[in-house]
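Undergrad: Quick note on the numbering used here: the sequence shown kicks off at 11 and runs consecutively. Every residue, glycine too, gets a C-beta built ideally from N, C-alpha and C.
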Amino acid sequence: MRLTILGGGGFRVPLVYGALLGDHAEGRVTRVVLHDVDAGRLRAIARVLAEQAAGVPDAPAVTVTTDLDEALRGAAFVFSAIRVGGLEGRAHDERVALAEGVLGQETVGAGGVAYGLRTVPVAVDIARRVARLAPDAWVINFTNPAGLVTEAMSRHLGDRVIGICDSPVGLGRRVARVLGARPGEAWVDYVGLNHLGWVRGLRVAGRDELPRLLADPVLLGSFEEGRLFGADWLRSLGAIPNEYLHYYYFTREAVRAYRQADRTRGAFLHDQQARFYAGVAEPGAPALELWNRTRAEREATYMAENRETAGAGEREDEDLSGGYEDVALALMRAIARDERATLILNVRNRGTLSPLDGDAVIEVPCLVDASGAHPVSVDPLPDHATGLVCAVKAVEREVLAAARSGSRATAVKAFALHPLVDSVNVARRLVDGYTAVHPGLAYLG
Ligand code: G6P
Ligand code: MN
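Put into structure tokens, the structure is as follows:
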């Protein structure tokens, strides 16, 4: 079985390949095709993978190409993990927003809108090519903003594109752990949009254990989201929000902390990865060792400013593993081997959340088998959450409309309607600022 990875020169590809190396069952991936627009990055990552594969007799064969159509033909699964504009683009997304005094972040707020505006046209082109060249392939979308990009692709691929994220799994795991539930025995009642969801319950043997957590200040203080949001606020909500909701509930503090940081996350990663790719290109460089070191440093500094602002402390070590590569592999196995699994995924709503239409991509527990991912029915969201979900979905729809029409006014509308952008004038300046620095936004005129 052949797996194609778009963004194959990306830093997280060895995580995926590492997960594949542990799969020896029948029907596993035997061939991996890496596609990237940057041949140098492809070479570097291929060297890391070659070192990972050393000593593994049934390691999937790896080939690399910069030809997209060639990469897609014959693929059973396509992982899309591209970063349009690279980390330099991410740093611009963050910086331009922060200079306007609004949140500058990879996927949330103005930064996420800018990232979406540049990514959607590229994702749509990929979706069209998949529909033509590999119509039976399943597309697993990791590309951020994952919900929005999955929805853009679903207009061409229907339910054959499924979006993934590691954050709901990580949250569910942390909540289960503090409640003493064994992994696998807990049902996590989680729903929303990508990076905008809430754990409303955690059922073990049919019993909801979340009230016990919310009632216990010591338990609440013992895990990351408990410290990040604070016991009082979590009790008021009656739910545990995804860590990304910190940007909505503590906007002022998050913006202040980000503005005070010497550099943005994107700028940090840009410099770090430039060193990594240059290092691997040296003759005889220990590619895997360099990758491992860089990865450890990256994960240790994840969302550091947020955690600092909230006094939430360091992320626990065991949270640094079991991320999105495991979700991707579990999803691919469930489909390829028709092994029923329940996973939190980004799929079309199909009536699950009634305020949204059927084509709106949401993040929700799904039953997965060979026929694809099917959202399970969930309780309605409370009004405050519905309000945020609908507001952000409306913004995503404006992004899709702007990408289709090339209308600058529609792009302004997308920024202006975002709950984290506080003035239409700010939205206008954001469009000016972003179009000035992003070649990928030239289509906005
Ligand atoms: C989590 C999110 C991803 C996001 C990443 C950013 O894993 O689920 O969607 O891209 O964090 O991490 P980074 O190390 O790039 O700041
Ligand atoms: Mn994510």
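In whole angstroms, give me the CA-to-CA distance for L330 and G455.
TA: Mapped onto the sequence shown, residue 330 falls at position 320. Mapped onto the sequence shown, residue 455 falls at position 445. Note that L330 scores 49 on pLDDT, short of 50, meaning its location in the model is unreliable; the coordinates nonetheless yield the value given after this. A direct Cα-to-Cα measurement between L330 and G455 gives close to 42 Å.
Undergrad: With H, G and I counted as helix, E and B as strand and the rest as coil, what does DSSP make of Y200?
TA: Along the sequence shown, one-based indexing puts residue 200 at 190. Here Y200 sits in strand by DSSP.
Undergrad: Between which residues of its own chain and L377 is the CB-CB distance below 7 Å, once the five residues before and five after are set aside?
TA: For this step, residue 377 is matched to residue 367 along the sequence shown. Excluding positions up to five away in sequence, the list reads R350, T352, H384, V386.
Undergrad: Using a Cβ-based criterion (distance less than 7 Å to any ligand heavy atom), does H205 qualify as near the ligand MN?
TA: Locating residue 205 in the sequence shown gives position 195, where the first residue counts as 1. Yes; taking the cut-off as 7 Å, the Cβ of H205 has a heavy atom of the ligand MN nearer than that.
Undergrad: Once the 5 residues before and after D218 are set aside, which same chain residues still bring their CB inside 6 Å of it?
TA: Here residue 218 refers to the residue found at position 208 when the sequence shown is read from its first residue. The residues are G211.
Undergrad: Taking the C-alpha atoms as reference points, what is the distance between T149 and N204?
TA: The residue you call residue 149 lines up with position 139 of the sequence shown. The residue you call residue 204 lines up with position 194 of the sequence shown. Here residue 149 turns out to be Val, not Thr, going by the sequence shown. So the two alpha carbons sit approximately 17 Å from each other.
Undergrad: Can you say whether N359 is buried or exposed, counting buried as having 16 or more other CB atoms within 10 angstroms of its CB?
TA: For the purposes of this step, residue 359 is taken as residue 349 along the sequence shown, with counting starting at 1. By the neighbour-count definition (other C-beta atoms within 10 Å, threshold 16), N359 is a buried residue.
Undergrad: Over the uninterrupted alpha helix (DSSP H) stretch that includes L230, give me the two end residues.
TA: Counting from 1 along the sequence shown, the entry for residue 230 is found at position 220. Run containing L230: 227-230, per the alpha helix (DSSP H) assignment.
Undergrad: Do I372 and T362 have their beta-carbon atoms positioned less than 8 Å apart in this structure?
TA: For the purposes of this step, residue 362 is identified with residue 352 of the sequence shown, where counting begins at 1. For the purposes of this step, residue 372 is identified with residue 362 of the sequence shown, where counting begins at 1. Contact flag set, yes.
Undergrad: Select from V179, V214, W208 the residue whose C-alpha is nearest the C-alpha of A191.
TA: Here residue 191 corresponds to residue number 181 of the sequence shown, with the count starting at 1. For A191, the nearest C-alpha among the options comes from V214.
Undergrad: Which parts of the region 70-148 are runs of the alpha helix (DSSP H), unbroken and 4 residues or longer, counting only runs that do not cross its ends?
TA: Within the region 70-148, the complete alpha helix (DSSP H) runs of at least 4 residues fall at 78-82, 96-109, 119-143.
Undergrad: Identify which residue in D379, R343, H394, N356 has its Cα closest to the Cα of P365.
TA: One-based indexing of the sequence shown puts residue 365 at position 355. Taking only the C-alpha atoms, the option nearest P365 is H394.
Undergrad: Based on the DSSP secondary-structure assignment, which residues constitute the bridge partners of D379?
TA: Translated into the one-based positions of the sequence shown, residue 379 becomes position 369. Note: D379 sits in a beta bridge opposite G382.
Undergrad: Nearer than 7 Å: is that true of the beta carbon of A156 relative to any heavy atom of the ligand MN?
TA: Along the sequence shown, one-based indexing puts residue 156 at 146. Result yes, Cβ under 7 Å from the ligand MN.
Undergrad: Does DSSP classify G450 as helix, strand or coil?
TA: Counted from its first residue, the sequence shown places residue 450 at position 440. Helix at G450.
Undergrad: Is the separation between the beta-carbon of A137 and that of V171 shorter than 8 Å?
TA: By one-based count along the sequence shown, residue 137 stands at place 127. By one-based count along the sequence shown, residue 171 stands at place 161. A contact, by the Cβ cut-off of 8 Å.
Undergrad: F89 and F152 look like a contact to me (Cβ under 8 Å); what is the Cβ gap, rounded to whole Å?
TA: Your numbering for residue 89 matches position 79 in the sequence shown. Your numbering for residue 152 matches position 142 in the sequence shown. That belief holds up - the Cβ atoms of F89 and F152 are roughly 6 Å apart, short of 8 Å.
Undergrad: Have a look at G18 and V42 and give me their C-alpha separation to the nearest angstrom.
TA: The residue you call residue 18 lines up with position 8 of the sequence shown. The residue you call residue 42 lines up with position 32 of the sequence shown. Going from the Cα of G18 to the Cα of V42 covers about 10 Å.
Undergrad: Could you check what DSSP says for G157 in three-state terms: helix, strand or coil?
TA: For the purposes of this step, residue 157 is taken as residue 147 along the sequence shown, with counting starting at 1. Residue state, collapsed to three classes: helix.
Undergrad: Under the assumption that E318 contacts A267 (Cβ atoms under 8 Å), give the Cβ distance between them as a whole number of angstroms.
TA: Along the sequence shown, read from residue 1 onward, the residue named residue 318 stands at position 308. Along the sequence shown, read from residue 1 onward, the residue named residue 267 stands at position 257. About 7 Å; that satisfies the 8 Å criterion.
Undergrad: Would P155 and G122 be called neighbours here (beta carbons separated by less than 8 Å)?
TA: Along the sequence shown, read from residue 1 onward, the residue named residue 155 stands at position 145. Along the sequence shown, read from residue 1 onward, the residue named residue 122 stands at position 112. In contact: P155 and G122 (Cβ atoms closer than 8 Å).
Undergrad: Under 8 Å by Cβ, that's how I've got L238 and A320 pegged, so tell me the actual separation to the nearest angstrom.
TA: Residue mapping note: residue 238 aligns to position 228 of the sequence shown, counting from 1. Residue mapping note: residue 320 aligns to position 310 of the sequence shown, counting from 1. Indeed, because the Cβ distance is near 5 Å, the residues count as touching under 8 Å.
Undergrad: Counting along the chain, where does the alpha helix (DSSP H) carrying H45 start and finish?
TA: For the purposes of this step, residue 45 is taken as the residue at position 35 of the sequence shown. It is not in any alpha helix (DSSP H) - H45 instead sits in the beta strand (DSSP E) that spans 41-45.
Undergrad: Go to L212, then tell me how far its beta strand (DSSP E) extends in each direction, as first and last residue.
TA: Position 202 of the sequence shown, counting from 1, holds the residue named residue 212. Note, L212: beta strand (DSSP E), 206-214.
Undergrad: Where E104 and G180 are concerned, what is the direct C-alpha to C-alpha distance, given to the nearest angstrom?
TA: Your numbering for residue 104 matches position 94 in the sequence shown. Your numbering for residue 180 matches position 170 in the sequence shown. Spanning the two alpha carbons is a distance of roughly 24 Å.
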